[in-house]
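Participant: Sequential numbering of the sequence shown, starting at 1, is according to UniProt numbering.
Idealized CB from N, CA, C, for every residue including glycine.
Computed from a prediction, not measured in an experiment: that's the story for all the values here.
The following block contains the structure, expressed as structure tokens.
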Amino acid sequence: MKHFAVVQHSYSEFLGLIESQLEKRDIGFSYFRAFLNQDLPGSALTFDALFLLGGPMSPLDSDAHPWLLQERNVIGAFRKAGRPVVGLGLGALLLAQYEGAELSREPYHNAYFTTAHATEAGKGDPLAQAVDGAQVLVWSPGVARLPDGIPPLVVDDAGNWIAFRPEPGAVGLLFHPEMKPGMIEDIIMEEDREVPENVGELMETARRLWPQMQETTDRVVVALVRELSLMQERRKPRVFSLQVDSEGGQ
Numbered sequence: 001m002k003h004f005a006v007v008q009h010s011y012s013e014f015l016g017l018i019e020s021q022l023e024k025r026d027i028g029f030s031y032f033r034a035f036l037n038q039d040l041p042g043s044a045l046t047f048d049a050l051f052l053l054g055g056p057m058s059p060l061d062s063d064a065h066p067w068l069l070q071e072r073n074v075i076g077a078f079r080k081a082g083r084p085v086v087g088l089g090l091g092a093l094l095l096a097q098y099e100g101a102e103l104s105r106e107p108y109h110n111a112y113f114t115t116a117h118a119t120e121a122g123k124g125d126p127l128a129q130a131v132d133g134a135q136v137l138v139w140s141p142g143v144a145r146l147p148d149g150i151p152p153l154v155v156d157d158a159g160n161w162i163a164f165r166p167e168p169g170a171v172g173l174l175f176h177p178e179m180k181p182g183m184i185e186d187i188i189m190e191e192d193r194e195v196p197e198n199v200g201e202l203m204e205t206a207r208r209l210w211p212q213m214q215e216t217t218d219r220v221v222v223a224l225v226r227e228l229s230l231m232q233e234r235r236k237p238r239v240f241s242l243q244v245d246s247e248g249g250q
């Protein structure tokens with residue numbers, strides 16, 4: 001059975017809409033709650049892919065959240081093992097940082113709805129074409145300037161990147177195909193969490209666009225499955241069991 005590792009950065013942000021899509025495809029997943037100091041995946045070889053979810057902290061805040069440094073090591077391990085990596089929001093910034101992007105904390109609450117526009121680099125790309133012209137929710141703790149040589153696949157109305165692919169097998173999305181209106185409510189209620197000043201507007205827009213958002217998520221998941229070969233089960237280390245005989249030997 002295919003099995004994904006999912007790194008979670010807050011109580012409120014999980015796979016959301018994507019969960020049911022994976023379950024329909026008989027794909028299992030395990031959450032690793034880095035914000036609770038849970039251990040992150042010890043080996044990339046025991047999983048078929050890595051998902052990095054959104055969160056409220058900046059990748060630059062490793063002093064306050066030292067596990068962010070470990071998370072970048074996990075990204076490297078999955079990349080070297082040839083396992084797909086998908087970053088959403090904060091996860092996309094972490095992937096960009098791994099690639100050498102220049103990060104900025106401002107605007108810290110980078111949250112807005114926009115129309116997605118496929119770029120020249122996104123022509124023929126399944127993901128870029130899946131969201132081209134759709135309304136999407138961008139939400140990230142800061143922004144990143146992509147390194148030279150990594151063109152964006154999708155940009156917003158202002159021409160800022162909201163999706164990139166550094167190489168086959170990895171993709172970063174500043175927009176959130178997994179987000180549901182209820183998740184925004186949970187973010188608002190999360191203790192000691194700062195939220196954007198326009199969070200009420202985001203909630204209202206998400207409710208109004210809910211049917212379209214579900215359709216966009218369906219297309220995004222299909223595109224990710226196709227582009228990253230997520231239905232392909234990777235070879236995993238064999239598990240050996242020790243059997244004890246009746247005389248107590250092994």
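If I measure Cβ to Cβ from ALA77 and keep anything under 6 Å in the same chain, skipping five residues before and after, which residues do I get?
Facilitator: ALA44
Participant: Apart from the five residues just before and just after ASP245, which ones in its own chain have a Cβ nearer than 7 Å to its Cβ?
Facilitator: Confidence in ASP245 is poor, its pLDDT being 46 and thus under 50, which makes the residue's placement unreliable; the coordinate value appears in the next sentence. Cβ within range, chain order: n/a, list empty.
Participant: Between ARG145 and ALA101, is the Cβ-Cβ spacing less than 7 Å?
Facilitator: yes
Participant: Residue range of the alpha helix (DSSP H) that GLU167 falls in?
Facilitator: Here GLU167 belongs to no alpha helix (DSSP H); instead the beta strand (DSSP E) covers 161-167.
Participant: Mind reading off the beta-carbon distance from LEU94 to LEU173? Whole number of angstroms is fine, and I expect it under 8 Å.
Facilitator: Not quite, the Cβ-Cβ distance comes to about 12 Å (not below 8 Å), so this is no contact.
Participant: Among the residues of its own chain, which have a CB less than 8 Å from the CB of GLU226, if the five just before and after it don't count?
Facilitator: Per the sequence presented here, residue 226 reads as Arg, with Glu not at that position. These residues qualify, in order along the chain: PRO126.
Participant: Fully enclosed by the stretch 21-91, which alpha helix (DSSP H) runs are 4 residues long or longer?
Facilitator: At a cut-off of 4 residues, the continuous stretches assigned as alpha helix (DSSP H) that sit fully inside the stretch 21-91 are 67-80.
Participant: On a CA-only basis, which of ASP39, GLY91, GLU191 and GLY182 is nearest MET203? Give me that one, please.
Facilitator: GLY182
Participant: Within a Cβ cutoff of 7 Å, which residues of the same chain sit near LYS180, ignoring the five residues on either side of it in sequence?
Facilitator: GLY16 and LEU17
Participant: Select from GLY169, PRO166 and PRO107 the residue whose C-alpha is nearest the C-alpha of TRP139.
Facilitator: PRO107
Participant: Give me the Cα-Cα distance between VAL6 and LEU90, rounded to the nearest whole angstrom.
Facilitator: 13 Å
Participant: Quick one: residues in its chain with C-beta nearer than 8 Å to the C-beta of ASP61, no 5 flanking neighbours on either side, listed in chain order?
Facilitator: Around ASP61: LEU68.
Participant: Hey, ARG105 and GLY159: beta-carbon distance below 7 Å or not?
Facilitator: Going by beta carbons, ARG105 and GLY159 fall outside the 7 Å limit.
Participant: Going by beta carbon distance, what residues of the same chain come within less than 7 Å of ILE150, once the five residues before and after it are set aside?
Facilitator: The residues are GLU99, PHE164 and PRO166.
Participant: Which value, in whole angstroms, describes the spacing of the CA atoms of VAL221 and SER20?
Facilitator: 11 Å
Participant: Specify the secondary structure class of LEU209 as computed by DSSP and reduced to three states.
Facilitator: coil
Participant: Run the CB neighbour count on ARG79, radius 10 Å, all protein chains shown included, and call it buried at 16 or more, exposed below.
Facilitator: buried
Participant: Can you tell me which of the three DSSP states PRO152 falls into?
Facilitator: strand
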